[in-house]
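Listed in order, the protein sequences are those of chains A and B.
Its first residue numbered 1, the first sequence is counted upward by one per residue in the UniProt record's numbering.
Its first residue numbered 1, the second sequence is counted upward by one per residue in the UniProt record's numbering.
Idealized CB from N, CA, C, for every residue including glycine.
2 protein chains.
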Amino acid sequence: MSRVYDRVAYIGLGLIASSMIHAGRRAGLQGEIVGTARSAETRAIAAEDGLCDVVTETAAEAVKDADLVVLCVPVGAMGAVAEEIGPHLKPGCTVSDVGSVKRAVIEAVKPHLPEGVHFIPAHPLAGTEHSGPRSGFAELFENRYTLIVPEGDTDPQALARLERFWAGMGAHVELMEPEHHDLVLMVTSHAPHLIAYTMVGVADDLRRVTDSEVIKYSAAGFRDFTRIAASDPTMWRDVFLNNREATMEILGRFIEELMRLQRAIRKGDGDLLHEYFTRTRAIRRGIIQAGQDTSAPDFGRGHGQGQSKG
Amino acid sequence: MSRVYDRVAYIGLGLIASSMIHAGRRAGLQGEIVGTARSAETRAIAAEDGLCDVVTETAAEAVKDADLVVLCVPVGAMGAVAEEIGPHLKPGCTVSDVGSVKRAVIEAVKPHLPEGVHFIPAHPLAGTEHSGPRSGFAELFENRYTLIVPEGDTDPQALARLERFWAGMGAHVELMEPEHHDLVLMVTSHAPHLIAYTMVGVADDLRRVTDSEVIKYSAAGFRDFTRIAASDPTMWRDVFLNNREATMEILGRFIEELMRLQRAIRKGDGDLLHEYFTRTRAIRRGIIQAGQDTSAPDFGRGHGQGQSKG
Chain A
1 MSRVYDRVAY
11 IGLGLIASSM
21 IHAGRRAGLQ
31 GEIVGTARSA
41 ETRAIAAEDG
51 LCDVVTETAA
61 EAVKDADLVV
71 LCVPVGAMGA
81 VAEEIGPHLK
91 PGCTVSDVGS
101 VKRAVIEAVK
111 PHLPEGVHFI
121 PAHPLAGTEH
131 SGPRSGFAEL
141 FENRYTLIVP
151 EGDTDPQALA
161 RLERFWAGMG
171 AHVELMEPEH
181 HDLVLMVTSH
191 APHLIAYTMV
201 GVADDLRRVT
211 DSEVIKYSAA
221 GFRDFTRIAA
231 SDPTMWRDVF
241 LNNREATMEI
251 LGRFIEELMR
261 LQRAIRKGDG
271 DLLHEYFTRT
281 RAIRRGIIQA
291 GQDTSAPDFG
301 RGHGQGQSKG
Chain B
1 MSRVYDRVAY
11 IGLGLIASSM
21 IHAGRRAGLQ
31 GEIVGTARSA
41 ETRAIAAEDG
51 LCDVVTETAA
61 EAVKDADLVV
71 LCVPVGAMGA
81 VAEEIGPHLK
91 PGCTVSDVGS
101 VKRAVIEAVK
111 PHLPEGVHFI
121 PAHPLAGTEH
131 SGPRSGFAEL
141 FENRYTLIVP
151 EGDTDPQALA
161 RLERFWAGMG
171 AHVELMEPEH
181 HDLVLMVTSH
191 APHLIAYTMV
201 GVADDLRRVT
211 DSEVIKYSAA
221 GFRDFTRIAA
231 SDPTMWRDVF
241 LNNREATMEI
251 LGRFIEELMR
261 LQRAIRKGDG
271 DLLHEYFTRT
281 RAIRRGIIQA
291 GQDTSAPDFG
301 RGHGQGQSKG
């Protein structure tokens, strides 16, 4: 794999940025790696671990002479960062981001970027429930989709270069419109997160079941919700506040549907329930066939694989 | 490990029964294994694979001379099976089950059992999204809880024997009251399942996002819901119909809580969201500390473990 950018600046050094650094370094995609973070502790860790070649105090310093600048801060902080770095960007450089919503990021960032800078938003669909500069690993993007979301007139060469960068880290790269991105992600990621947060919150609130019982007996179902609900609070707060309309729409649909099932249970309508649960099972099969999950029982959590015979 | 029961009859040969057979055989806990299932295909598979030593056509035949009878049929079928086997049970034998709700099973089964038979309900908190006689494996119960739910006067010796049987299969055995069991399981398992089913159903319904998009981009969050929502439809239909009151209560709470978060999003109340998401993260840490899940990122789904340095 050959070098794609001579100098890459990462603003924010959490799970995604540190994974990009590891993945890009492994594949030789980037020359010098510059990084910065708002927290002094994060900057100290990045320097101590050798995560970046250069750690700067400010974003303005970090972007100097960078060919690619990647904004890896929570969605709500993107606008302020763009305002800070705007005057210091190298003409002809590319600015990208990894935010989970795109329309709001475009509106916050674009006005601050000078002419001659290529702004190409992106979103890697990968993550874990961990965060921070030590949570990243080179394999995070492998066999996962990264959506590149060009907006307005985008220079084809700058776009092709960013695509090469992401493909080099192991991602399947696809292009998508900002509005459609925000809707697809609402369904596949944001709403499930909000619902998992709610379920875990309800369990915690229910005084007649102790916390220790919830924790001990979580194996069947609840455990998977808690993983989702353990994701970074700041990131998710910003996602919901910045994709408000789509959130409202799908929550409305969800509550409506939940009430339909609730009514079926109250009326004892077993046929409706059985038909419903059979349909959702088919969707699962589609995901396994698409290679986006394992069919190993229980995610292969240390059980035997498949059946032992006899 | 020494033999606990000379002859064990399994009524129903799905994931749980076949796992009990493998686990019990591996540990030498059971002598002769008799099994039956309503479906002729399941019986043929059980005979062909040597899953059981004897496969019978009917439950009445299967329980003859059995020291332990385990009802492994959906909760809604328990009453009819109990009625069928009642007259054929060996005096002094133990009848148990593996149903996910306990009060409804006790009410359905108990009236059909003769004097001198020990009825001791149980519920192993273990499972995968797979089902059928070939889905079982010996390790399913290891390091998982099995709740034994004695009701009324229970013979201490018969109880101790059943505890020994489950512990021999690797389970942590605990005792619990039927009503409390049904409430705890509602929170930790039943409600999460219903909610996952609903979420997957809503996604499927939403016409502006294609099914293939939902499937392709499912990695972040939605994927975990589909696993839960792929569980056996008949089993889950019966669970909800037989634990109706607790289901109604928790769904009410859930909808209320969801509306609170919805309102916070609409009003842009970032502090409330951040506080909420921080609290749920702490619950996750408790589950990992209790040894009921792995802290490996993303369940250790084929990513690198932890961070690769430098």
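For residue i, go through chain B and note every residue whose CB falls closer than 7 Å to its CB, in chain order.
i	result
Leu175 (chain A)	Under the 7 Å cutoff, chain B gives no residues; its nearest Cβ is about 13 Å from Leu175 (chain A).
Pro233 (chain A)	His274, Phe277, Thr278, Arg281
Pro192 (chain A)	Met199, Gly221, Phe222, Phe225
Met20 (chain A)	Here the premise fails: no neighbours, minimum Cβ distance about 13 Å.
Gly270 (chain A)	Arg237, Leu241
Identify the contact partners of residue i in chain B, using a Cβ-Cβ distance below 9 Å as the criterion.
i	result
Trp236 (chain A)	Leu273, His274, Phe277
Leu251 (chain A)	Leu258, Met259, Leu261, Gln262, Ile265
Arg3 (chain A)	By Cβ distance, chain B contributes nothing, its closest Cβ being about 18 Å from Arg3 (chain A), past 9 Å.
Gly12 (chain A)	The premise fails here: Gly12 (chain A) is roughly 17 Å from chain B at the closest Cβ pair, so nothing lies under 9 Å.
Using CA atoms only, rank isn't needed, just tell me which of the options is closest to residue i.
i	options	result
Met235 (chain B)	B:His130, B:Asp224, B:Gly252, B:Ile33	B:His130
Arg266 (chain A)	B:His274, B:Lys267, B:Asn242	B:Asn242
Leu175 (chain A)	B:Ala191, B:Asp182, B:Tyr217, B:Tyr145	B:Tyr217
Glu57 (chain A)	A:Ala138, A:Ala160, A:Ser39	A:Ser39
His180 (chain A)	A:Tyr197, A:Ala104, A:Gly127, A:Leu251	A:Ala104
Gly31 (chain A)	A:Gly286, A:Asp153, A:Ala66	A:Ala66
Tyr5 (chain B)	B:Asp204, B:Ser19, B:Val34, B:Ile16	B:Val34
residue 319 (chain B)	B:Ala77, B:Glu275, B:Arg285, B:His190	The question about residue 319 (chain B) has no answer, for chain B in this structure spans 1 to 310.
Phe240 (chain A)	B:Leu272, B:Gly286, B:Pro178, B:Asp204	B:Leu272
Leu183 (chain B)	B:Ala47, B:Ile250, B:Asp204	B:Ile250
Gly28 (chain A)	A:Gly76, A:Ala138, A:Lys64	A:Ala138
Ser18 (chain A)	A:Asn143, A:Ala37, A:Thr226, A:Phe225	A:Ala37
Arg281 (chain A)	B:Thr280, B:Thr226, B:Ala264, B:Arg279	B:Thr226
Thr154 (chain B)	B:Gly270, B:Ala77, B:Gly92	B:Gly92
Ser100 (chain A)	A:Thr210, A:Gly270, A:Gly76, A:Ala47	A:Gly76
Arg285 (chain A)	B:Gly252, B:Val214, B:Gly286, B:Gly270	B:Val214
Met186 (chain B)	B:Arg253, B:Val117, B:Thr278, B:Gln262	B:Arg253
Ala23 (chain B)	B:Arg279, B:Ser96, B:Ala203, B:Phe165	B:Phe165
Lys64 (chain A)	A:Gln262, A:Arg7, A:Arg43, A:Asn143	A:Arg7
Ser96 (chain A)	A:Ser212, A:Glu163, A:Asp269	A:Glu163
Ser212 (chain A)	B:Val117, B:Thr188, B:Gly268, B:Ala203	B:Thr188
For a contact meaning CB atoms closer than 8 Å, what does residue i contact in chain A?
i	result
Tyr197 (chain B)	Leu261, Tyr276, Phe277, Thr280
Gly170 (chain B)	What Gly170 (chain B) touches in chain A: nothing, since even the nearest Cβ is about 11 Å away.
Just the chain B side, please: which residues come within less than 8 Å of residue i by C-beta, in chain order?
i	result
Asp204 (chain A)	Arg279, Thr280, Ile283
Name the one or two DSSP bridge partners that residue i has.
i	result
residue 311 (chain A)	Nothing in the structure corresponds to residue 311 (chain A), since chain A is present only between 1 and 310.
Ala122 (chain B)	B:Ile148
Tyr5 (chain B)	B:Gln30
Leu175 (chain A)	A:Ile148
Val54 (chain A)	A:Val34
Leu183 (chain A)	Paired residues: none, contrary to the question.
Ser96 (chain B)	B:Val70
Ile215 (chain B)	Note: Ile215 (chain B) sits in no beta bridge, so no partner.
Tyr10 (chain A)	A:Gly35, A:Val70
So, under 8 Å CB-CB, residue i and residue j are touching, yes? Tell me the CB distance rounded to an integer number of Å.
i	j	result
His88 (chain B)	Ala60 (chain B)	5 Å
residue 314 (chain B)	Ala126 (chain B)	Since the displayed chain B opens at 1 and closes at 310, residue 314 (chain B) lies outside it and no answer follows.
Ile228 (chain B)	Gly136 (chain B)	20 Å between Cβ atoms; not a contact.
Ile195 (chain B)	Ile283 (chain A)	15 Å between Cβ atoms; not a contact.
Pro178 (chain B)	Ile106 (chain B)	6 Å
His274 (chain B)	Pro233 (chain A)	5 Å
Ile45 (chain A)	Val98 (chain A)	Not really, about 19 Å apart at Cβ, beyond 8 Å.
Ala158 (chain A)	Thr247 (chain A)	So it is not a contact: roughly 32 Å between Cβ atoms.
Pro74 (chain A)	Asp238 (chain A)	5 Å
By the criterion of Cβ-Cβ separation under 9 Å, what are the contact partners of residue i in chain A?
i	result
Gly152 (chain B)	Result: empty, since nearest Cβ-Cβ is about 23 Å, beyond 9 Å.
Arg244 (chain B)	Ile265, Arg266, Gly268
Gly116 (chain B)	Result: empty, since nearest Cβ-Cβ is about 33 Å, beyond 9 Å.
Gly92 (chain B)	In chain order: nothing, as chain A lies at least about 31 Å away.
Residues of chain A with CB under 7 Å from residue i, in chain order?
i	result
Phe240 (chain B)	Ile265, Leu273
Met78 (chain B)	Simply none; closest approach about 15 Å.
Leu247 (chain B)	The residue you asked about is not Leu; residue 247 (chain B) is Thr in the sequence shown. Within chain A, the residues near Thr247 (chain B) are Ile265.
Gly35 (chain B)	None at all; the shortest Cβ gap to chain A is about 14 Å.
Gly28 (chain B)	Result: empty, since nearest Cβ-Cβ is about 14 Å, beyond 7 Å.
Using a cut-off of 7 Å between C-beta atoms, extract the partners of residue i located in chain E.
i	result
Ile255 (chain A)	The chain labelled as chain E is not found among the protein chains of the depicted structure, namely A and B.
Can we say the stretch 44–63 of chain A touches the stretch 154–172 of chain A, given the rule of at least three CB pairs closer than 8 Å? no
Assess, as a yes-or-no matter, whether the stretch 8–24 of chain B is touched by the stretch 65–79 of chain B under the definition of 3 or more beta carbon pairs within less than 8 Å. Yes: at least three Cβ pairs fall under 8 Å.
Pairs of beta-carbons, one from the stretch 97–112 of chain B and one from the stretch 72–89 of chain B, closer than 8 Å: are there three or more? yes
Using 8 Å as the threshold, is the stretch 147–160 of chain B in touch with the stretch 120–129 of chain B, meaning 3 or more CB pairs across them? yes
Closer than 8 Å is the cut-off here; do at least three beta carbon pairs connect the stretch 220–234 of chain A with the stretch 254–266 of chain B? no
Give a yes or no on contact between the stretch 132–146 of chain B and the stretch 183–201 of chain B, applying the rule of three or more CB pairs nearer than 8 Å. no
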